[in-house]
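For reference, the structure discussed in these notes is given below.
In the numbering used here, the protein residues as written are 851 to 1440.
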């Protein structure tokens, strides 16, 4: 009966390329070799084989065209020609499995493996299926055959290791580890795994013998001897651990692993002074690599955090001792800075971060941490000090350009702002977030306005809105400056409305919108929005307060207008017409 497959089979046949060119049995192999399969002999003539090859290749072509119904039908025809064709059986099994018809898929895959036992990928696929179905005994039987059949493949042994471990068949685990060891040679991972299994089997003698044999295999590698000492220490054999560590240190006094393990020994035996001395010996030793010191410090931090006291002063004191050395690697100070920041000690972290960027000028993360600290203090001079060398060391770090541009803006260095923005834009790539590019153009628009270069300002704002049509800051400033010039007021109103809709409680955006409505003669509506601006902290801005007075006057509230004009004057307004408005008690346009 023909099965309707349809469009569902979009991602079927994940292992198709692993052996689809195989047929189950050629005429020559069946006739000349006299071979037989576990399912039974399958003989095909040369003509049948030719037909099979044609229809199988056509099925593969249909599959590539995603015409899965046609492909499946052709595969069935292939099996009519040669029921023992492993390649067709495998392909059909993938159809069934994709359609979650597991019994049919499993049967077809088992046949494919039976007819092509030397195809590794068919067997591997069947093993995976057995494991998915939790048929572990079947998986083990097949894997054991694969170990013999494919002696160069290690994956079957590792799969057996996993299954035997899950089944807690520890003798089989040991046997499998021994087989792996014969193929791969004695190594740390296998020996440690055997050690762990022997401990689970309550066979401590064999467990320690396993690690000792690793040391005997590599007598010149001190690392294995330290591992042996660690194993002794972790399992209560403290005397043996001490003797092993001392033996290593006698041969290599600066061995970092042995030095740290000795520190662990002193800690576990309650010898706190010797523990501290041992850590100093390790961390203050210039012969010990920075990577090792970092790993030690991380472990100390973890242990301190997991302790009942969580005494960060001990960790800080240790860091301080290390920092007094003549460091030429930034790793330790960077870890120290991160630790201080995790303890909310930002001020203490600043000089450490400065040491990091001195050692590693291209360390962008450290610079950004310094920038963050300076931003919180509103120290634009410090931002400039950090960012100027930063953009030289990391010219593609757009964040540093952005903060530097803002700092220059605060310092009223307008030409420097434009220069930094233009330099930043040269490093924009297709992967750069468009919002970032938009912000640079928006800053340039603000600067051009302060320089009274309005054509350039509007061009910059246009560019900002091309990259990000929702750039609220650019929309507001662009709209406001147009209203001040009393030009393109419809465009200004459209842009300003977007800002009010986005942030309905922003007094600056409400004031801009109110002023545009005022310039367009929509006075009643302008008063509604200026009142909302005043309710949203607008009374803190002399510009908004003066605008409020202007709108109140035009809407007939002269007393209210005078009140707000006087308030704006008291706030230090630099309006050119404000005093005249108060004296003449009427609105005067600038």
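We treat Cβ as the ideally placed atom computed from N, Cα and C, and that holds for glycine.
Open item on the list: Could you compute how far the alpha carbon of residue 1314 sits from the alpha carbon of residue 1359?
Closed with: Just so you know, the alpha carbons of residue 1314 and residue 1359 end up roughly 18 Å apart.
- [ ] Following the continuous alpha helix (DSSP H) through residue 1270, name the residue where it begins and the one where it ends.
- [x] 1264-1275
Task: Distance, residue 1200 Cα to residue 1346 Cα - done: Here the alpha carbon of residue 1346 sits roughly 41 Å from the alpha carbon of residue 1200.
Open item on the list: Using only the alpha-carbon positions, how far apart do residue 1190 and residue 1230 sit?
Closed with: If you take the alpha carbons of residue 1190 and residue 1230, they lie about 23 Å apart.
Task: DSSP state of residue 1194 mapped onto helix, strand, coil - done: coil
- [ ] Could you tell me whether the stretch 1287-1294 touches the stretch 1331-1351, where touching means 3 or more Cβ pairs closer than 8 Å?
- [x] no
Open item on the list: Suppose the cutoff is 7 Å on Cβ atoms and the five residues either side in sequence are ignored; what does the same chain contact list for residue 1165 look like?
Closed with: 1150, 1151, 1154 and 1189
- [ ] Any chance you could list the alpha helix (DSSP H) runs of at least 4 consecutive residues sitting entirely within the stretch 927-991, in chain order?
- [x] 936-948, 952-965 and 970-982
TODO: To the nearest angstrom, report how far apart residue 1209 and residue 1128 are at their CA atoms.
DONE: Between residue 1209 and residue 1128, the C-alpha separation is close to 27 Å.
TODO: Drop a sphere of 10 angstroms on the beta-carbon of residue 1441, count the other beta-carbons inside from all chains shown, and report buried for 16 or more, exposed for fewer.
DONE: With the chain covering only 851 through 1440, there is no way to say anything about residue 1441.
Task: Residue burial classification, residue 982 (beta-carbon count within 10 angstroms, cutoff 16) - done: exposed
TODO: Look up residue 1356 in the DSSP assignment and say whether it is helix, strand or coil.
DONE: Correct three-state label for residue 1356: coil.
TODO: May I ask you to report which of helix, strand or coil DSSP gives residue 879?
DONE: In this prediction, residue 879 has a pLDDT of 36, which is less than 50 and means its spatial position is unreliable; what the coordinates show is noted afterwards. Residue 879 falls in the helix class under three-state DSSP.
- [ ] Evaluate residue 1383 with the Cβ neighbour count: other Cβ atoms within 10 Å of its Cβ, from every protein chain shown; 16 or more gives buried, anything less gives exposed.
- [x] buried
Task: Residue range of the alpha helix (DSSP H) that includes residue 1026 - done: 1020-1034 is the extent of the alpha helix (DSSP H) around residue 1026.
Task: Own chain residues within Cβ distance below 6 Å of residue 1081, not counting five before or after - done: 1061, listed in sequence order.
- [ ] State the start and end residues of the unbroken alpha helix (DSSP H) segment that holds residue 1171.
- [x] 1162-1173
Open item on the list: Tell me the residue span of the alpha helix (DSSP H) that contains residue 1088.
Closed with: 1088-1101
Task: Rounded separation between residue 1182 and residue 1143 - CA only - done: 7 Å
Task: Alpha-carbon to alpha-carbon, residue 970 and residue 977 - done: Rounded to whole angstroms, residue 977 to residue 970 spans 11 Å at the Cα level.
Task: Top-ranked residue by Cα proximity to residue 1395, from 1428, 1406 and 1375 - done: 1428
TODO: Please determine if the stretch 930-937 and the stretch 948-955 are in contact, where contact requires at least 3 C-beta pairs separated by less than 8 Å.
DONE: no
- [ ] Identify whether residue 1421 lies in helix, strand or coil by the three-state DSSP scheme.
- [x] coil
Open item on the list: In the DSSP assignment, the alpha helix (DSSP H) including residue 1232 goes from what residue to what residue?
Closed with: 1230-1243
Task: CB of residue 1236 within 8 Å of CB of residue 1224, strictly - done: yes
TODO: Tell me, to the nearest whole angstrom, how far the beta carbon of residue 1202 is from that of residue 1187; I am working on the premise that it is less than 8 Å.
DONE: 4 Å
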